[in-house]
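Novice:
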């Protein structure tokens with residue numbers, strides 16, 4: 286569109302001013318992204334001191350709160366994965382020191398501190414005391430692993446120093462009753478928290494040592510904060526455990542809790558229930574080992590029998606036995622031929638006798654001589670009986686002779702040995718094996734049995 290000049294009465298047209306160039310504006314997302322890049326890069330590891338305010342523990346396990354001082358505040362979050370490393374739960378009004386990185390929460394345009402470490406101000410002295418005592422006792426050798434005594438394989442009596450009313454002793458008793466019912470347990474009642482707990486625990490350790498007869502001594506308590514577990518961080522308790530003549534187990538707190546007693550005791554159990562499991566573990570392990578040995582013995586016996594069968598099967602495939610089987614078959618065939626010949630001869634003689642009888646009967650009928658007929662019949666019957674007796678005797682004699690020959694042949698035949706469970710083993714060249722050293726691992730074998738044969742592969746061998 287053409288723009289015309291403006292005339293202000295002077296006769297000279299003045300050009301119209303040009304429209305200003307439009308600047309490119311950032312979107313909110315772009316601005317937030319750029320701010321996040323600057324803040325998260327600059328403040329990726331910061332320490333902040335402040336007061337906890339508006340604490341919220343979400344159902345997801347994350348902690349949301351604000352850190353504030355007299356003039357400002359900043360949002361903070363502890364993700365669920367980091368809460369497991371924090372030994373206390375913060376409360377509104379508690380002063381803390383937080384370490385983390387600055388993050389921008391784009392949906393609301395806020396920034397917050399992603400906290401990785403959280404420590405209460407005013408309680409650091411306990412932690413320092415814990416570290417100082419740990420270092421002192423470690424230098425003295427109270428934590429030396431070489432001094433740790435092994436627990437007895439099958440303990441008979443166990444002494445436990447703990448509160449008799451807490452859930453800890455019930456957990457221990459449930460485990461023992463379920464898996465080691467005949468184990469004797471003596472409980473020394475002691476307070477495990479507070480100012481008087483130290484004296485109770487020490488008295489319990491010394492009393493059980495004085496009574497004697499115990500195979501294991503356990504000091505136990507449930508989980509809690511550093512202050513709750515402090516009795517087990519006392520130097521006097523540590524030295525009482527170190528002086529115990531009975532092997533000791535420390536079962537204090539949860540798996541992530543560590544006390545001085547854990548380092549001094551002969552064994553640290555992550556939980557009281559785990560201590561009970563460890564005490565009865567040996568019995569379960571022995572039973573498991575016995576069952577495993579039984580299975581191994583059964584397996585070894587079965588494998589040995591299989592190998593013997595394979596060897597017998599391989600032996601039966603040898604050509605020597607094949608030749609003997611051929612001879613036996615030949616003799617058997619000869620016996621069948623003789624039997625058939627004997628039966629044929631018997632039938633022929635019987636037929637001849639019948640014909641002779643018929644002729645005699647014809648003659649008798651022709652002459653009607655009753656006496657002659659009777660005499661001839663008697664004669665024919667006698668001849669028939671003699672013939673039958675003669676044939677049976679000859680057949681029986683032949684069969685007896687053949688049986689004796691077959692018996693001798695069986696007694697001399699290697700097949701008789703194979704029928705008793707032995708076997709012949711041949712290598713892939715058809716050679717009969719006499720020693721395990723004659724064959725290599727992985728070699729193919731042929732096992733001749735009393736009936737049939739097997740093909741096998743060597744997976745192991747014993748030369749003796």
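In our numbering, the protein residues as written are 286 to 749. Think of the CB as a built atom: it goes at the ideal place given N, C-alpha and C, for glycine as much as any other residue. Remember, predicted model here, so these are calculated numbers, not experimental data.
Hey, residue 755 and residue 363: beta-carbon distance below 9 Å or not?
Specialist: A query on residue 755 cannot be resolved here, the shown segment of the chain reaching from 286 to 749 and no further.
Novice: For residue 534, does the three-state DSSP call read helix, strand or coil?
Specialist: Within the chain shown, the letter at position 249 stands for residue 534. Three-state DSSP puts residue 534 in a strand.
Novice: Taking 9 Å as the threshold (C-beta atoms), are residue 451 and residue 506 in contact?
Specialist: Along the chain shown, one-based indexing puts residue 506 at 221. Along the chain shown, one-based indexing puts residue 451 at 166. Cβ atoms of residue 506 and residue 451: closer than 9 Å.
Novice: Could you tell me the distance, in whole angstroms, from the CA atom of residue 592 to the CA atom of residue 618?
Specialist: As a first step, residue 592 must be located in the chain shown, where it is residue number 307. As a first step, residue 618 must be located in the chain shown, where it is residue number 333. If I take the Cα positions, the gap works out to 36 Å.
Novice: Could you compute how far the alpha carbon of residue 564 sits from the alpha carbon of residue 352?
Specialist: Taking the first residue of the chain shown as 1, we reach residue 564 at position 279. Taking the first residue of the chain shown as 1, we reach residue 352 at position 67. In a straight line, the C-alpha of residue 564 is about 47 Å away from that of residue 352.
Novice: Please return the same chain residues whose Cβ sits closer than 7 Å to the Cβ of residue 692, not counting the five positions on each side in sequence.
Specialist: By one-based count along the chain shown, residue 692 stands at place 407. Here the set comprises nothing.
Novice: Can you name, in chain order, every residue of its own chain whose Cβ lies under 6 Å from the Cβ of residue 385, other than the five neighbours on each side?
Specialist: For the purposes of this step, residue 385 is identified with residue 100 of the chain shown, where counting begins at 1. If we look at residue 385 and ignore the five residues flanking it on each side, its Cβ neighbours are 398, 399, 400 and 401.
Novice: Have a look at residue 596 and residue 575 and give me their C-alpha separation to the nearest angstrom.
Specialist: Here residue 596 corresponds to residue number 311 of the chain shown, with the count starting at 1. Here residue 575 corresponds to residue number 290 of the chain shown, with the count starting at 1. The straight-line gap from Cα to Cα measures roughly 31 Å.
Novice: Express the C-alpha separation of residue 630 and residue 623 in angstroms, rounding to a whole number.
Specialist: To locate residue 623, count along the chain shown from 1; it is residue 338. To locate residue 630, count along the chain shown from 1; it is residue 345. Using only the alpha carbons, I get a separation of about 10 Å.
Novice: So the candidates are 662, 656, 634 and 633; which of them puts its Cα closest to the Cα of residue 645?
Specialist: To locate residue 645, count along the chain shown from 1; it is residue 360. Of 662, 656, 634 and 633, the residue nearest in Cα terms is 662.
Novice: Check whether the Cβ atoms of residue 741 and residue 732 lie closer than 9 Å to each other.
Specialist: Working through the chain shown from its first residue, we reach residue 741 at position 456. Working through the chain shown from its first residue, we reach residue 732 at position 447. Yes.
Novice: Going by DSSP in three states, residue 332 sits in which element: helix, strand or coil?
Specialist: On the chain shown, position 47 is the one that residue 332 refers to. It is a strand residue.
Novice: Quick one, which of 669, 543 and 535 has its alpha-carbon nearest residue 640's?
Specialist: Looking up residue 640 in the chain shown gives position 355. Nearest C-alpha to residue 640: 669.
Novice: Rounding to the nearest angstrom, what Cα-Cα distance links residue 736 and residue 724 in this structure?
Specialist: Residue mapping note: residue 736 aligns to position 451 of the chain shown, counting from 1. Residue mapping note: residue 724 aligns to position 439 of the chain shown, counting from 1. Going by the C-alpha atoms only, they are around 24 Å apart.
Novice: Quick check on the burial criterion: 16 or more other C-beta atoms within 10 angstroms. Buried or exposed for residue 392?
Specialist: Locating residue 392 in the chain shown gives position 107, where the first residue counts as 1. Label assigned to residue 392: exposed.
Novice: Counting only runs of 4+ residues fully inside the stretch 414-469, write out the alpha helix (DSSP H) ranges in chain order.
Specialist: You should have 452-464.
Novice: Considering only their Cβ atoms, is the gap separating residue 335 from residue 381 smaller than 9 Å?
Specialist: Along the chain shown, one-based indexing puts residue 381 at 96. Along the chain shown, one-based indexing puts residue 335 at 50. Their beta carbons are under 9 Å apart, which means residue 381 touches residue 335 by this criterion.
Novice: Hey, out of 707, 728 and 738, whose CA is closest to residue 746's CA?
Specialist: In the chain shown, the residue the question calls residue 746 occupies position 461. Cα-wise, what sits closest to residue 746 is 728.
Novice: What number of angstroms, rounded off, separates the C-alpha of residue 658 from the C-alpha of residue 638?
Specialist: Counted from its first residue, the chain shown places residue 658 at position 373. Counted from its first residue, the chain shown places residue 638 at position 353. Rounded to whole angstroms, residue 658 to residue 638 spans 15 Å at the Cα level.
Novice: Flag this pair as yes or no: are the beta carbons of residue 718 and residue 703 separated by less than 9 Å?
Specialist: For the purposes of this step, residue 718 is taken as residue 433 along the chain shown, with counting starting at 1. For the purposes of this step, residue 703 is taken as residue 418 along the chain shown, with counting starting at 1. Not in contact: residue 718 and residue 703 (Cβ atoms no closer than 9 Å).
Novice: Quick one: measure Cβ to Cβ for residue 457 and residue 561, integer angstroms, because I've assumed they're closer than 8 Å.
Specialist: Taking the chain shown and counting its residues from 1, one reaches residue 457 at position 172. Taking the chain shown and counting its residues from 1, one reaches residue 561 at position 276. With a Cβ gap of about 4 Å, residue 457 and residue 561 count as contacting.
Novice: Using the three-state DSSP reduction, which class does residue 486 fall into: helix, strand or coil?
Specialist: Within the chain shown, the letter at position 201 stands for residue 486. Helix.
Novice: Is residue 614 helix, strand or coil by DSSP?
Specialist: One-based indexing of the chain shown puts residue 614 at position 329. In this structure, residue 614 counts as helix in the three-state DSSP scheme.
Novice: Which class does residue 350 belong to by DSSP, given the choice of helix, strand or coil?
Specialist: Sequence index remark: in the chain shown, residue 350 carries index 65 (1-based). If DSSP states are grouped into helix, strand and coil, residue 350 belongs with the strands.
Novice: Between the Cα of residue 495 and those of 525, 483, 481 and 477, spot the shortest distance and give me the residue it belongs to.
Specialist: For this step, residue 495 is matched to residue 210 along the chain shown. Out of 525, 483, 481 and 477, 525 has the C-alpha closest to the C-alpha of residue 495.
Novice: Which of the three DSSP states, helix, strand or coil, is assigned to residue 385?
Specialist: Looking up residue 385 in the chain shown gives position 100. DSSP places residue 385 in strand when its eight states are reduced to three.
Novice: Report yes if the C-beta of residue 671 is less than 8 Å from at least one heavy atom of the ligand NAP; otherwise report no.
Specialist: Summarising the ligand content, the structure contains no ligands, and the ligand NAP is consequently not present.
Novice: Run through DSSP, which three-state label would residue 318 get?
Specialist: Here residue 318 refers to the residue found at position 33 of the chain shown. Note: residue 318 maps to helix in three-state DSSP.
Novice: Can you tell me whether DSSP reads residue 577 as helix, strand or coil?
Specialist: The residue labelled residue 577 in the question sits at position 292 within the chain shown. In the structure shown, residue 577 sits in a helix (DSSP, three-state: H, G or I).
Novice: Using 8 Å for Cβ pairs, my map puts residue 473 next to residue 493. What's the rounded Cβ distance?
Specialist: The count along the chain shown starts at 1 and reaches residue 473 at position 188. The count along the chain shown starts at 1 and reaches residue 493 at position 208. Confirmed, about 6 Å.
Novice: Please confirm whether residue 339 and residue 329 have their CB atoms less than 9 Å apart.
Specialist: Residue numbering aside, residue 339 sits at position 54 when the chain shown is read from its first letter. Residue numbering aside, residue 329 sits at position 44 when the chain shown is read from its first letter. No, the pair does not count as a contact, with Cβ atoms beyond the cut-off.
Novice: Check whether the stretch 502-518 and the stretch 538-549 touch, using three or more Cβ-Cβ pairs below 8 Å as the test.
Specialist: Touching, per the Cβ criterion.
Novice: Which residues share a DSSP beta bridge with residue 474?
Specialist: Position 189 of the chain shown, counted from the start, is the residue given in the question as residue 474. Residue 474 is bridged to 447.
Novice: Once the 5 residues before and after residue 485 are set aside, which same chain residues still bring their CB inside 6 Å of it?
Specialist: On the chain shown, residue 485 is found 200 positions in, with the first residue counted as 1. Here the set comprises 475 and 476.
Novice: Along the chain, where does the beta strand (DSSP E) containing residue 549 start, and where does it finish?
Specialist: The residue labelled residue 549 in the question sits at position 264 within the chain shown. Not the beta strand (DSSP E): residue 549 falls in the alpha helix (DSSP H), residues 545-549.
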